[in-house]
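Chemist: Can you keep this structure in mind? I'll have questions shortly.
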Amino acid sequence: MKVRKFSVADAPFERSPGQDGEVWAGNLIDQHHGGPITIGYGRYGPNQSIDETLAVHDVMVVLEGSLSVTSSDGTVTAGPGEIVYMPKGKVVTIRSHDQGAITAYVTHPHWQEPLA
Numbered sequence: 001m002k003v004r005k006f007s008v009a010d011a012p013f014e015r016s017p018g019q020d021g022e023v024w025a026g027n028l029i030d031q032h033h034g035g036p037i038t039i040g041y042g043r044y045g046p047n048q049s050i051d052e053t054l055a056v057h058d059v060m061v062v063l064e065g066s067l068s069v070t071s072s073d074g075t076v077t078a079g080p081g082e083i084v085y086m087p088k089g090k091v092v093t094i095r096s097h098d099q100g101a102i103t104a105y106v107t108h109p110h111w112q113e114p115l116a
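Taking UniProt numbering, the leading residue of the sequence shown gets 1, the next gets one more, and so forth.
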């Protein structure tokens, strides 16, 4: 792999799997590119909520807006420049606030199954 730079405009956003709200993910590097991790951007519309049991270790960096992550450990709220780490196996609810949110994410291992 070579050194690369990305912006939100480069992300091929798709509706987050299993969601029917305004929650989008756009992988930029994943197993299809030979990467050992997945990196990309997430986009949350205003006041959206998703419930997940994490199949991977997930790190989100909030770039715009804010969101809260609730788990058995309590609730953390993050805004621009803040990072949320969510360990594999944790049950979480991720909720955006009135202005929605843009995040950058890194997961290990890859959160999507390889294409057949």
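Note that the Cβ used here is the ideal one computed from N, Cα and C, for glycine as well.
1) Assuming Thr38 and Ile50 make a contact with CB atoms under 8 Å, what is their CB distance in whole Å?
2) On a CA-only basis, which of Thr107, His108, Ile102 is nearest Ser7? Give me that one, please.
3) With a cut-off of 8 Å, do at least 3 Cβ pairs link the region 58-71 to the region 17-33?
4) Quick one: what's got a C-beta closer than 6 Å to Ala9's C-beta in the same chain, skipping five residues either side?
5) Select from Leu54, Met1, Ala11, Arg4 the residue whose C-alpha is nearest the C-alpha of Thr107.
6) If contacts are defined as beta-carbon pairs under 8 Å, then Val59 and Ile83 qualify, I think. What distance do you get, rounded to the angstrom?
7) To the nearest angstrom, report how far apart Met86 and Thr75 are at their CA atoms.
8) What number of angstroms, rounded off, separates the C-alpha of Ser72 from the C-alpha of Thr93?
9) Please name the residue, chosen from Gln31, Gly35, Phe13, that lies closest to Lys2 on a Cα-to-Cα basis.
Modeler: Let's see:
1) As a working mapping, residue 38 is identified with position 38 in the sequence shown. As a working mapping, residue 50 is identified with position 50 in the sequence shown. The C-beta separation of Thr38 from Ile50 comes to about 17 Å, leaving the pair out of contact by the 8 Å criterion.
2) Reading the sequence shown from its first residue, position 7 is the one you call residue 7. Scanning Thr107, His108, Ile102 for the CA closest to the CA of Ser7 turns up Ile102.
3) Judged by Cβ distances under 8 Å, the region 58-71 makes no contact with the region 17-33, as fewer than three pairs qualify.
4) Here residue 9 refers to the residue found at position 9 of the sequence shown. Taken in chain order, the list of residues that qualify is empty.
5) Translated into positions along the sequence shown, residue 107 becomes position 107. The option with the nearest alpha carbon to Thr107 is Leu54.
6) The residue labelled residue 59 in the question sits at position 59 within the sequence shown. The residue labelled residue 83 in the question sits at position 83 within the sequence shown. So it is a contact: roughly 6 Å between Cβ atoms.
7) Numbered from its first residue, the sequence shown carries residue 86 at position 86. Numbered from its first residue, the sequence shown carries residue 75 at position 75. Just so you know, the alpha carbons of Met86 and Thr75 end up roughly 12 Å apart.
8) Taking the sequence shown and counting its residues from 1, the one referred to as residue 72 is at position 72. Taking the sequence shown and counting its residues from 1, the one referred to as residue 93 is at position 93. When rounded, the separation of the alpha-carbon atoms in Ser72 and Thr93 is 10 Å.
9) For this step, residue 2 is matched to residue 2 along the sequence shown. Residue Gly35 is the option with its Cα nearest to Lys2.
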